[in-house]
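Trainee:
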Ligand code: F0G
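In my numbering, the protein residues as written are 6 to 373.
1) Relative to the C-alpha of residue 205, which residue among 282, 276 and 149 is closest?
2) Identify, in the order they occur along the chain, each residue of the same chain with its Cβ nearer than 8 Å to the Cβ of residue 420, setting aside the five sequence neighbours on each side.
3) Quick check: what's the CA-CA separation for residue 285 versus residue 142?
4) So, residue 264 versus residue 241, is the Cβ gap smaller than 8 Å?
5) Just to confirm, does residue 273 get its C-beta within under 7 Å of one of the non-hydrogen atoms of the ligand F0G?
6) By how many angstroms is the C-alpha of residue 86 removed from the C-alpha of residue 38?
7) Please specify which runs of the beta strand (DSSP E), each continuous and at least 3 residues long, are wholly inside the stretch 80-127, giving them in chain order.
8) Within a Cβ cutoff of 7 Å, which residues of the same chain sit near residue 367, ignoring the five residues on either side of it in sequence?
9) Shorter than 7 Å, the distance from the beta carbon of residue 111 to the closest heavy atom of the ligand F0G, or not?
10) Identify which residue in 318, 344 and 349 has its Cα closest to the Cα of residue 336.
11) Check residue 340 in the structure and name its three-state DSSP category.
12) May I ask you to verify whether the stretch 155-175 touches the stretch 192-202, counting CB pairs closer than 8 Å and requiring at least 3?
13) Compare the C-alpha of residue 268 against each of 278, 162, 57 and 126 and name the closest.
14) Any chance the stretch 210-221 sits against the stretch 122-141, with 3 or more Cβ pairs inside 8 Å?
15) Cα separation between residue 201 and residue 363?
16) Does DSSP put residue 234 in a helix, a strand or coil?
Below, the structure is given as structure tokens:
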């Protein structure tokens, strides 16, 4: 029996949002925690798996496409799954301060969970390349923000060195607890569908999340919670595609700033996930990303950030290879509200600006 089912039973009433305890409690036996671990949680996890007809229709072949909308986590991205684990384990060790490099979402989540656990957070970000919503979060959640004249890869090198020399815990995805937390998204997908999907489409930046999902799918498979394993289909933005070009990219660039990464620290793990799952990696252009971003918003009412739309853009790009009658999950890693500047520049909406406030005038503008 899956853990979620056991958990549902133990509550003797239906699991509702009201009694979802956060992912550490929901999946405790699958995670490296003990009674001594102080659980730092914002009740993350249990995000919806939403069927996306507009994408299924474009592929045809009777496929069912779903999105795992992880942008509905407490700080608006999948990073919360990793942070609840990383921070709880840091607190267990007596740590007082944490540090990370970030393209934005890690810093928001680190700041929130550190504050919740009574720890200090330092976040290094690439100056000018962090979406405004994410920067606002880090500031409001009380992080000390250090913006560097350099990209994410440089920032990560610096925080790795600092955490080796000083008593500050690194909470980037090199921290193994992060991946344990993030693997629970794979559990949730299987608990919901009753089986693993045929394909998992996922954006890749530092390549931690694809590695975490693969760990989760394998653990459930080995414990007989699922009968199949998905093919791991990873996608990067064309201007930041070290895993597709198989080399470090010195000056990565893409509209999807979350995945503007040239030297993924989890490269080996991601390649292993690809090889073991008979998966495949591909790049998608910024234009393809924005097309998927607009379809999700306009046809489905789902607002994700551009990096997340890379998973759907990738699926559309590979639609000829999709097997008949298959189930596919695309991971939407972050909320669209994180990056309002991108949204304002990339939409097809009609926006009448600066109208005189009179009914006749408004009706005229509406073309009634
Ligand atoms: N999608 C979003 C919205 C992200 O923020 C990230 C990574 C990814 C996808 C890629 O995940 O690195 O595990 O392959 N963001 C990190 C950050 C780098 O600093 O917020 P990954």
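Cβ atoms here follow ideal geometry from the backbone N, Cα and C, with glycine treated the same way.
Mentor: Let me lay it out:
1) Taking only the C-alpha atoms, the option nearest residue 205 is 282.
2) No information on residue 420 is available, as it lies outside the stretch 6 to 373 that the chain covers here.
3) 34 Å
4) The Cβ atoms of residue 264 and residue 241 lie closer than 8 Å to each other.
5) no
6) 14 Å
7) 102-106
8) 360
9) Within the cutoff, so yes.
10) 318
11) Three-state result, residue 340: strand.
12) no
13) 162
14) no
15) 56 Å
16) In this structure, residue 234 counts as coil in the three-state DSSP scheme.
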